[in-house]
Amino acid sequence: MKGQVALVTGAAMGIGLACAEAFAKEGATVIMADIKKPDEQAQKFVEVGYKAVAYECDVADSQAVKAMIDWIVATYGRLDHALNNAGIQTPQRPMAEITEEEFDRTVAVDLKGVWNCMQYEIEQMLKQGGGQIVNTSSQGGVTGFPGQAAYISCKHGVIGLTRTASMDYAAKNIRINAICPGVIATPMLEDLVARNPKLGEDLVRDIPAGRLGKPSEIADAVLWLCGPKATFVHGHALLVDGGFTIH
Ligand SMILES: NC(=O)c1ccc[n+]([C@@H]2O[C@H](COP(=O)([O-])OP(=O)(O)OC[C@H]3O[C@@H](n4cnc5c(N)ncnc54)[C@H](O)[C@@H]3O)[C@@H](O)[C@H]2O)c1
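Sequential numbering from -6 applies to the sequence shown in the numbering used here.
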C-alpha cells in the first residue's frame, strides 16, 4: 500500500486503532479520524516510522466529514481506502425504554455517520477512478441482541447501505464491503461488560472458538477486503466472529 492513502474513522482505540496500524504497516499513509483528535496514537505510529496523522471529526456532522475529505484530497491528492468504523453503543435496555434522544444519537453516529462518510469518499473515488470502502457493521448486523434495539437497527442498516451502494458503484471500480466483527476485546466491549459482568461470561460461552476476538483479527480481514486479493469481492458482509452466528 506504499503511496496509497487510507482513512480510518474511530481510530483512537479498539478496532479502528488496530486497523489504522495495519494500514500503516502495509505502507499506506493513514488519516486517523476520531471525535477527539487522536494525537498521541498517531504520534506513536510516526515514532516507529509509519505515516500517520490525527484528524478530529464527528462523523455525525456531514459538513465536518466533507471538510475532512476535502482536506485529505488537498493534502495527499487522493483517497484509496476508507474504513468507516466510528460507532457508539446505546445503554442496554428493552426497546421501549430507549429514549428518542438515545435512538437519534445512535442513528446519527452508527448509520448516518457511515452515510456521511461514504457520500464524500465516493465522490472522490469516482474522480480518481476507484477505491475501496469497508463499513464496520457487526455480528449484530445479521442477528438480534436483547437490549440493543437502536444499535442493532443501525448495524443491520450498515449492511443494507453497503450492499446498495456497492451495486451503484461496482462498475466504477469502487469496491464497497462490510466487516461484521463478533465479540472483540476493545474498550467498547469492556465498557459494556463493566456495566453487566454476567454478560461477559455469557458472551464467551456462546462463541464456538471459546474466546473473545482480537482487534488485530478484524484488521487482518479489513486489509484483505481492501487489498489486491479481494478484487472481485463486492457488497459482502464478512463475519469475523469466532463462529458466534453459526447457532
Ligand atoms: N468491540 C466489539 O465487540 C464490536 C463488535 C461488533 C462491532 N463493533 C463495531 O466496531 C466499531 C469499533 O468498535 P470498538 O469496539 O473498537 O469501539 P471503541 O469504543 O473501542 O472505539 C470506537 C471509537 O469511535 C470513536 N467515535 C465515537 N463516536 C464518534 C463520532 N461521532 N465521530 C468520530 N469518532 C467517534 C470513539 O471515540 C472511539 O475512538 C464500532 O462501529 C462498533 O460498533 C465492535
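The beta-carbon is built from N, C-alpha and C at its ideal position, and this holds for glycine as well. Only a predicted model underlies this, so the values are computations on that prediction, with no experimental measurement involved.
**Prompt:** So what's P208 in DSSP terms, helix, strand or just coil?
**Reply:** As a first step, residue 208 is located in the sequence shown; it is residue number 215 there, counting from the start. P208 falls in the helix class under three-state DSSP.
**Prompt:** What did DSSP end up calling P174 once you bin it into helix, strand or coil?
**Reply:** As a first step, residue 174 is located in the sequence shown; it is residue number 181 there, counting from the start. Strand, per DSSP.
**Asked** Exposed or buried, which one is A89 when buried takes at least 16 other CB atoms within 10 Å?
**Response** Taking the sequence shown and counting its residues from 1, the one referred to as residue 89 is at position 96. Exposed.
**Member of T224, A101, T68, A142 whose CA lies at the smallest distance from the CA of I126** = Stepping through the sequence shown from its first residue, residue 126 is reached at position 133. Out of T224, A101, T68, A142, T224 has the C-alpha closest to the C-alpha of I126.
**Message:** Going by beta-carbon coordinates alone, are I169 and V215 separated by less than 7 Å?
**Reply:** On the sequence shown, position 176 is the one that residue 169 refers to. On the sequence shown, position 222 is the one that residue 215 refers to. Taking 7 Å as the Cβ cut-off, I169 and V215 do not qualify as a contacting pair.
**Request:** State yes or no: is the C-beta of S131 nearer than 6 Å to some heavy atom of ligand 1?
**Result:** Here the question's residue 131 lines up with position 138 in the sequence shown. Yes; taking the cut-off as 6 Å, the Cβ of S131 has a heavy atom of ligand 1 nearer than that.
**Message:** According to DSSP, simplified to helix, strand and coil, what is H149?
**Reply:** Locating residue 149 in the sequence shown gives position 156, counting from the first residue. It is helical.
**Prompt:** For R168, which of helix, strand or coil comes out of DSSP?
**Reply:** Numbered from 1 along the sequence shown, position 175 holds the residue referred to as residue 168. The answer is strand: DSSP assigns R168 an E or B state.
**Request:** Compare the Cα-Cα distances from Y48 to each of L231, G3, S55 and report the closest residue.
**Result:** Within the sequence shown, the letter at position 55 stands for residue 48. Cα-wise, what sits closest to Y48 is G3.
**Request:** Would you mind working out which of K207, R188, E33 sits nearest T83, comparing C-alpha positions?
**Result:** Against the sequence shown, residue 83 aligns to sequence position 90. The candidate whose alpha carbon is nearest that of T83 is R188.
**Closest Cα partner of G123 within the set G206, E95, K148, H227** = Taking the sequence shown and counting its residues from 1, the one referred to as residue 123 is at position 130. Comparing Cα-Cα distances from G123 to each of G206, E95, K148, H227, the minimum goes to H227.
**Where M(-6) sits in the DSSP three-state scheme** = If you number the sequence shown from 1, residue -6 lands on position 1. Looking at M(-6) - three-state DSSP - the assignment turns out to be coil, as it is neither helix nor strand.
**Message:** So the candidates are M6, Q117, K(-5); which of them puts its Cα closest to the Cα of K37?
**Reply:** Here residue 37 refers to the residue found at position 44 of the sequence shown. For the residues M6, Q117, K(-5), the minimum Cα distance to K37 belongs to M6.
**Asked** Can you list, in chain order, the residues of its chain whose CB lies under 7 Å from that of L58, leaving out five sequence neighbours each side?
**Response** Counting from 1 along the sequence shown, the entry for residue 58 is found at position 65. Per the sequence shown, the amino acid found at residue 58 is Val instead of Leu. Answer for V58: C50, V52, N109, C110, Y113, listed in chain order.
**Item:** Near ligand 3: M181 beta-carbon under 6 Å from a heavy atom
**Value:** Summarising the ligand content, the structure contains ligand 1 and does not contain ligand 3.
**Prompt:** Does any heavy atom of ligand 1 sit closer than 6 Å to the C-beta of I167?
**Reply:** Position 174 of the sequence shown, counted from the first residue, corresponds to residue 167. Because no heavy atom of ligand 1 lies under 6 Å away, the Cβ of I167 does not count as near it: no.
**Request:** Kindly indicate which three-state DSSP category G124 falls into: helix, strand or coil?
**Result:** One-based indexing of the sequence shown puts residue 124 at position 131. G124 falls in the strand class under three-state DSSP.
**Message:** By the three-class DSSP mapping on this structure, what secondary structure does V102 have?
**Reply:** For the purposes of this step, residue 102 is identified with residue 109 of the sequence shown, where counting begins at 1. Helix, per DSSP.
**Message:** Please classify V39 as buried or exposed, where buried requires at least 16 neighbouring CB atoms within 10 angstroms.
**Reply:** For the purposes of this step, residue 39 is taken as the residue at position 46 of the sequence shown. V39 is exposed by the Cβ-count criterion.
**Item:** Residues bridged to N77 (per DSSP)
**Value:** Within the sequence shown, numbered from 1, the residue matching residue 77 stands at position 84. Answer by DSSP bridge pairing, in chain order: N128.
**Request:** Spatial neighbours of K18 within its chain, please: CB distance less than 8 Å, with the 5 preceding and 5 following residues excluded, ordered by chain position.
**Result:** In the sequence shown, the residue the question calls residue 18 occupies position 25. Result list for K18: Y43, in chain order.
**Message:** Using only CA atoms, which one of G137, G(-4), D184, T68 lies nearest to I81?
**Reply:** Position 88 of the sequence shown, counted from the first residue, corresponds to residue 81. Nearest option by C-alpha distance: D184.
**Request:** Would you mind reading off the limits of the beta strand (DSSP E) that contains L10?
**Result:** Your numbering for residue 10 matches position 17 in the sequence shown. No beta strand (DSSP E) contains L10, which is instead part of the alpha helix (DSSP H) from 7 to 18.
**Message:** I need the straight-line Cα distance from D195 to A(-1), nearest angstrom please.
**Reply:** Against the sequence shown, residue 195 aligns to sequence position 202. Against the sequence shown, residue -1 aligns to sequence position 6. If I take the Cα positions, the gap works out to 36 Å.
**Request:** Tell me whether the beta-carbon of A15 lies closer than 7 Å to the beta-carbon of M25.
**Result:** The residue labelled residue 15 in the question sits at position 22 within the sequence shown. The residue labelled residue 25 in the question sits at position 32 within the sequence shown. Not a contact, by the Cβ cut-off of 7 Å.
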